[in-house]
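Trainee: These protein sequence lines map, in sequence, to chains L and R. For the first sequence, our numbering begins at 1 and goes up steadily by one. For the second sequence, our numbering begins at 1001 and goes up steadily by one. By construction, the Cβ of each residue, glycine as well, lies at the ideal position given by its N, Cα and C atoms. Let me give you the structure first, and then I'll get to my questions.
2 protein chains.
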Amino acid sequence: MEGNVNLDHLFAVILGGGAGTRLWPLSRELSPKQLLKLFGTDSLIRKTVLRLKKLIPEENVFIVTSERLLDEIRNHLLSEYPPLKKIQYIIEPAARNTGPAVLLAAWELFKKDKDSILGVFPSDHYIENDEALIEAIKVAYEVAQKDYLVTFGLKPLRPETGFGYIELGNSIQNSNAYQARSFVEKPDLKKAKEFVDSGKYFWNSGMFVFKARIILEEGRKFLPKVIEVLGEIDTFSDENKEKISEEAFLSIDPISIDYGIMEKSERVAIIPVDIGWKDVGSLTALEEFYEKDERRNVKIGNIVEVDSEDSIFYSDSRLVAAIGLSDLMVIDTRDATLVCPKERAQEVAKIVAMLKEKDAGEYLAHRHSVRPWGSFVLLEKGDNYQVKLIKVKPGMKLSEQLHNHRSEHWIVVKGTAKVTIGGKEKILHAGESAFIQVSARHRLENPGKIPVLLIEVQSGEYLGEDDIVRFRDEFGRGKD
Amino acid sequence: MEGNVNLDHLFAVILGGGAGTRLWPLSRELSPKQLLKLFGTDSLIRKTVLRLKKLIPEENVFIVTSERLLDEIRNHLLSEYPPLKKIQYIIEPAARNTGPAVLLAAWELFKKDKDSILGVFPSDHYIENDEALIEAIKVAYEVAQKDYLVTFGLKPLRPETGFGYIELGNSIQNSNAYQARSFVEKPDLKKAKEFVDSGKYFWNSGMFVFKARIILEEGRKFLPKVIEVLGEIDTFSDENKEKISEEAFLSIDPISIDYGIMEKSERVAIIPVDIGWKDVGSLTALEEFYEKDERRNVKIGNIVEVDSEDSIFYSDSRLVAAIGLSDLMVIDTRDATLVCPKERAQEVAKIVAMLKEKDAGEYLAHRHSVRPWGSFVLLEKGDNYQVKLIKVKPGMKLSEQLHNHRSEHWIVVKGTAKVTIGGKEKILHAGESAFIQVSARHRLENPGKIPVLLIEVQSGEYLGEDDIVRFRDEFGRGKD
């Protein structure tokens, strides 16, 4: 037992920028792995925040992400109970891997508190044992006070060749920590086996605790260009800040914090932990989280199957039927189906690249979207019309808004909605409707105790989500 | 050249009752194989009718089908250009295979014309060379005049073990026809090879030409129970005819016309034909109709694929992505996906049986339906609401109707619609809507030159298609 430590200067930095193409079609560029509720009832990013909140006040939790993902992550964190309203966000001007992202966060937090200590955590890791990690963070905090860059080592479960290993060195006095002797990225199988047998090598968890001051010092030494850019951005006038920051950030070479600093620094400490960590690096991870049938198949959703074995079946809405498959994955979503041998699960990145090349929407987003007030599903899309099924949670209000290019019909099919159009209020029950002309100010609200379901039919020459002018919003958003 | 024969007594009898589970999920119980537009721009049943119309006036073409399929077939034949309005229908009181169906047709046509000669044709065969068949029918007509039961023999393309073979006997004077020496159903591979090598065995095409009088005579000999039932049905009063007919028909054992009569009769003649016939008995038939890529894959629809070979990909609306598949079929429709090795294509019947057992809608019907006035797609279905995308062809009118259990909202998203609700006419353009209260008489019409697209949102406690009271209909229907 460590007892109660004073953690006043501890801030959580969650790396939330990952695009997670490897779980496509379950993940999309705008619904990356960390936002999926595949591995339990909460998403990985919510689990990460809720875990850290046991130790760190919510307002001291910072998520580093891109402008592009900001709305998605914020909507997601607001949309579930409890809504996470106090989280703060640090926007990467451009995606440059974790090295620049971590230094950006350190730079910002150092300005806030010269003694700040950062706990850096990926947003897309699965961790079973929250308490074990929390205890380890407390230890790490103490070690970080001694100016170490602390990392957590996971006991290797198998001779995995896809991960990085850290070798334990001398133990650090008065702690469970060790100096890190060496880093080895993606060893061959023979080496990986030796590492596992030795008991002295641990998987690099990608989680760190260090002083902002120290990581910036090491950054100055090993990634001077990044520190230089951060300094420049800080001196810009506010006016063009966004554009200039992006350009400046783009001049940095992308590099991970591991390659960029941890592997080079003499100050790295490692704390071995046993936290029930699981890899969710590809769709085959579903096998780790769901029960198998007697022929070792995982079946999630509406699956009808004859004589298959060792396969993964997933469907979020439709019927999937299969006959006589072996070692295959069939992943079915509202707008796309993937069929692929399990052993080639990693190659799904090729499909995503092809879709991106063709500018096919299926790489970018799902048909369903989450909002703080509820959710919607795009049912049908034509040249000049769209049909959505919208769900508004009890007591929730959408922003007061107008659209310059589309009219909307709302037909309530369940629950009771309150709509305000051009200043006039109206209550709608199931089977009743309202019409919102182009440019009319309108607002939708669920004053009731059960969810409102409504069908929205949009008509117009331009139907982009960005055709929205907001007047009042409960969630502090500028756009939907 | 046969010259112009007098074909006054020739009637076409098309067997349209087949349920076609073997092409699921492309076929459904209410969208059987013969209605699918998979093999060219027309369905197999339309092709069959259009082919026969070159020889036989449309009003002398009879389709034998079930009560259940009648609407589907009629809607289908009316919905395409040219609409086939004069076709006549003979309803099987119960499905009892082709033996009773053919005798029923012969019975009805004999009453109409004592000298009638029936050309009996399946509705779900693919035939490339219409002219060759037509010439063969003319020859067969002459041979049938001599009281033969004429069948057409297809030159075997391979030693197929799933078909029936007919052995040629002595040739019949003054014709290209032969007496049939023997029938062999589904021979083993060794025998099938001998048959093919001999040049004397032909595949049984399932197409026949014979006098109604003669097939009824043979029926009396080999299927006396069927003839007895037909006689009984004929003497019933009109009042309960439907119910009594069904019961009487159900007392007949199901049997094919081949097993029941052709294989037993001494009067069978065979005319060898070369008509470009293709088997469409399973989904692998797609390989015969679509071009293959350089790795021998067939790809139909929105397919993105890496490194697959010898596979079949079909998608009617969504994206299908595949990596590294071999000899597999992926068949994707709006509500169901099938994944199955090509060599197990026949086993799809097991899936259909499982769905039927569970009463899952996916065995019964597609999400899209054809009507004489256009078509619709079911976009979403909830407990007490449904959303459809409806397409009305230019100049077309739906029936005047009302619903006792649901209200409807219509939102036009393309074209110009005329709606009449409770006697009041209204013109709707894209973006405009109408509301139809429960029990209000209403009618929808497209007075324009381009198709009307509209979204229909139904709300109510009961949403079955049978909640419809029709007042006036352009298509002579009692229900939709």
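(1) Which bits of chain R does L:F376 rub up against, with CB to CB less than 9 Å?
(2) Quick check: is the beta carbon of L:H442 nearer than 9 Å to any beta carbon in chain R?
(3) For a contact defined as C-beta to C-beta under 8 Å, what are the partners of R:N1384 on chain L?
(4) What separation, rounded to the nearest whole angstrom, lies between the Cα atoms of L:K449 and L:G395?
(5) Give the residues from the region 202 to 218 of chain L that approach chain R closer than 7 Å (Cβ to any Cβ), ordered along the chain.
(6) Which residues, in chain order, does the region 1337 to 1351 of chain R contribute to contact with chain L at a C-beta distance below 8 Å?
(7) With a cut-off of 9 Å, does the C-beta of R:L1328 fall near any C-beta of chain L?
(8) Going by beta carbon distance, what residues of the same chain come within less than 7 Å of R:I1137, once the five residues before and after it are set aside?
(9) What does R:A1434 pair with, by DSSP beta-bridge criteria?
(10) Helix, strand or coil for L:D234, going by three-state DSSP, please let me know.
(11) Are the region 465 to 479 of chain L and the region 428 to 437 of chain L in contact at 8 Å, needing three or more beta carbon pairs?
(12) Using a Cβ cut-off of 9 Å (strictly closer), state whether L:E72 contacts chain R.
(13) Can you give me the start and stop residues for the beta strand (DSSP E) that R:E1425 sits inside?
(14) Express the C-alpha separation of L:E305 and L:Q346 in angstroms, rounding to a whole number.
(15) Determine the closest residue to R:D1042 out of R:L1015, R:Y1081, R:F1062, R:S1066, with distance taken between C-alpha atoms.
(16) When we look at the beta-carbon of L:K397 and count the other beta-carbons within 10 Å, is it buried (16 or more) or exposed?
(17) Within the same chain, show all residues whose beta-carbon is closer than 6 Å to that of L:E263, passing over the 5 residues directly before and after it, in chain order.
(18) What's the gap between the Cα of R:K1424 and the Cα of R:V1457?
(19) Contact check, R:Y1165 vs R:W1203 under 8 Å by CB: the rounded distance?
(20) Can you check which of these residues, L:E247, L:S116, L:F289, L:E232, is closest to L:A94 by C-alpha distance?
(21) Using the Cβ count rule (16 or more neighbours within 10 Å means buried), how would you classify R:G1199?
(22) Measuring alpha carbon to alpha carbon, tell me which residue in R:D1274, R:D1147, R:H1125, R:A1353 is nearest R:G1206.
(23) Verify the CB distance criterion: does L:S459 have a CB-CB separation below 9 Å to chain R?
(24) How long is the line joining the alpha carbons of R:R1296 and L:K53, rounded to whole angstroms?
(25) Report the three-state DSSP secondary structure of L:E456 (helix, strand or coil).
(26) Would a check of beta-carbon distances place R:R1318 closer than 9 Å to chain L?
(27) Considering only the beta carbon of each residue, do R:T1337 and L:V377 sit closer than 9 Å?
(28) Name the residue from L:L78, L:Q34, L:D71 whose alpha carbon lies nearest to the alpha carbon of L:I90.
(29) Please list the partners that L:D335 has in chain R, where partner means a Cβ-to-Cβ separation under 8 Å.
(30) Using CA atoms only, rank isn't needed, just tell me which of L:H405, L:R74, L:A269 is closest to L:Q34.
(31) According to DSSP, is R:A1336 helix, strand or coil?
(32) Looking at the secondary structure, which residues open and close the alpha helix (DSSP H) in which L:K111 lies?
(33) Using a Cβ cut-off of 7 Å, which residues of the region 1297 to 1312 of chain R contact any Cβ in chain L, in chain order?
(34) Taking C-beta pairs closer than 9 Å, name the residues in chain R that L:I450 reaches, listed in chain order.
(35) Assess, as a yes-or-no matter, whether the region 130 to 149 of chain L is touched by the region 232 to 245 of chain L under the definition of 3 or more beta carbon pairs within less than 8 Å.
(36) Is it buried or exposed for L:N97, if we count other Cβ within 10 angstroms and need 16 for buried?
Mentor: Considering the structure as presented:
(1) Taking the first residue of the first sequence as 1, we reach residue 376 of chain L at position 376. What L:F376 touches in chain R: nothing, since even the nearest Cβ is about 12 Å away.
(2) Taking the first residue of the first sequence as position 1, residue 442 of chain L is located at position 442. Not closer than 9 Å to any Cβ of chain R, the Cβ of L:H442 fails to qualify, so no.
(3) By one-based count along the second sequence, residue 1384 of chain R stands at place 384. Within chain L, the residues near R:N1384 are V413, K414, A430.
(4) Numbered from 1 along the first sequence, position 449 holds the residue referred to as residue 449 of chain L. Numbered from 1 along the first sequence, position 395 holds the residue referred to as residue 395 of chain L. One C-alpha to the other measures close to 7 Å.
(5) none
(6) T1337, L1338, V1339, C1340, P1341, R1344, E1347, V1348, K1350, I1351
(7) Counted from its first residue, the second sequence places residue 1328 of chain R at position 328. At least one chain L Cβ lies under 9 Å of R:L1328.
(8) As a first step, residue 1137 of chain R is located in the second sequence; it is residue number 137 there, counting from the start. Answer for R:I1137: L1055, G1119, V1209, listed in chain order.
(9) Along the second sequence, read from residue 1 onward, the residue named residue 1434 of chain R stands at position 434. In the DSSP output, where bridge partners are listed per residue, R:A1434 has R:W1410.
(10) Start at 1 with the first residue of the first sequence, and residue 234 of chain L comes out as number 234. The answer is helix: DSSP assigns L:D234 an H, G or I state.
(11) no
(12) Your numbering for residue 72 of chain L matches position 72 in the first sequence. Taking Cβ atoms only, chain R never reaches closer than 9 Å to L:E72, which makes this a no.
(13) In the second sequence, residue 1425 of chain R corresponds to position 425, counting from 1. Segment 1424 to 1428, the beta strand (DSSP E) holding R:E1425.
(14) Counting from one through the first sequence, the residue named residue 346 of chain L turns up at place 346. Counting from one through the first sequence, the residue named residue 305 of chain L turns up at place 305. If you take the alpha carbons of L:Q346 and L:E305, they lie about 25 Å apart.
(15) One-based indexing of the second sequence puts residue 1042 of chain R at position 42. Looking at the Cα atoms, R:Y1081 is the closest of the given residues.
(16) Mapped onto the first sequence, residue 397 of chain L falls at position 397. Buried, since its Cβ has 16 or more Cβ neighbours within 10 Å.
(17) The sequence position of residue 263 of chain L within the first sequence is 263, counting from 1. Hits under 6 Å: F183.
(18) Within the second sequence, numbered from 1, the residue matching residue 1424 of chain R stands at position 424. Within the second sequence, numbered from 1, the residue matching residue 1457 of chain R stands at position 457. Distance between the alpha carbons of R:K1424 and R:V1457: 21 Å.
(19) Counted from its first residue, the second sequence places residue 1165 of chain R at position 165. Counted from its first residue, the second sequence places residue 1203 of chain R at position 203. With 8 Å as the limit, R:Y1165 and R:W1203 qualify as a contact, their Cβ atoms being about 6 Å apart.
(20) Here residue 94 of chain L refers to the residue found at position 94 when the first sequence is read from its first residue. Closest option to L:A94, Cα to Cα, is L:E247.
(21) One-based indexing of the second sequence puts residue 1199 of chain R at position 199. When all chains shown are included, R:G1199 counts as exposed.
(22) For the purposes of this step, residue 1206 of chain R is taken as residue 206 along the second sequence, with counting starting at 1. Answer by Cα proximity: R:H1125.
(23) Numbered from 1 along the first sequence, position 459 holds the residue referred to as residue 459 of chain L. Chain R, which has a Cβ nearer than 9 Å to the Cβ of L:S459, makes this yes.
(24) Counting from 1 along the second sequence, the entry for residue 1296 of chain R is found at position 296. Counting from 1 along the first sequence, the entry for residue 53 of chain L is found at position 53. The straight-line gap from Cα to Cα measures roughly 56 Å.
(25) Residue mapping note: residue 456 of chain L aligns to position 456 of the first sequence, counting from 1. Strand.
(26) Against the second sequence, residue 1318 of chain R aligns to sequence position 318. Cβ-Cβ to chain L under 9 Å: yes for R:R1318.
(27) In the second sequence, counting from the first residue as 1, residue 1337 of chain R sits at position 337. In the first sequence, counting from the first residue as 1, residue 377 of chain L sits at position 377. Not closer than 9 Å, so no.
(28) Within the first sequence, the letter at position 90 stands for residue 90 of chain L. Out of L:L78, L:Q34, L:D71, L:D71 has the C-alpha closest to the C-alpha of L:I90.
(29) The sequence position of residue 335 of chain L within the first sequence is 335, counting from 1. Those are R1318, L1319, listed as they occur along chain R.
(30) Translated into the one-based positions of the first sequence, residue 34 of chain L becomes position 34. Ranking L:H405, L:R74, L:A269 by Cα distance to L:Q34 puts L:R74 first.
(31) On the second sequence, position 336 is the one that residue 1336 of chain R refers to. DSSP places R:A1336 in strand when its eight states are reduced to three.
(32) Here residue 111 of chain L is taken as the residue at index 111 of the first sequence, counted from 1. Counting along the chain, the alpha helix (DSSP H) containing L:K111 begins and ends at 98 to 112.
(33) V1304, V1306
(34) Here residue 450 of chain L refers to the residue found at position 450 of the first sequence. Within 9 Å Cβ-Cβ: nothing; L:I450 doesn't reach chain R, min ~13 Å.
(35) no
(36) The residue given as residue 97 of chain L occupies position 97 in the first sequence. Looking at its Cβ environment, which holds 16 or more other Cβ atoms inside 10 Å, L:N97 is buried.
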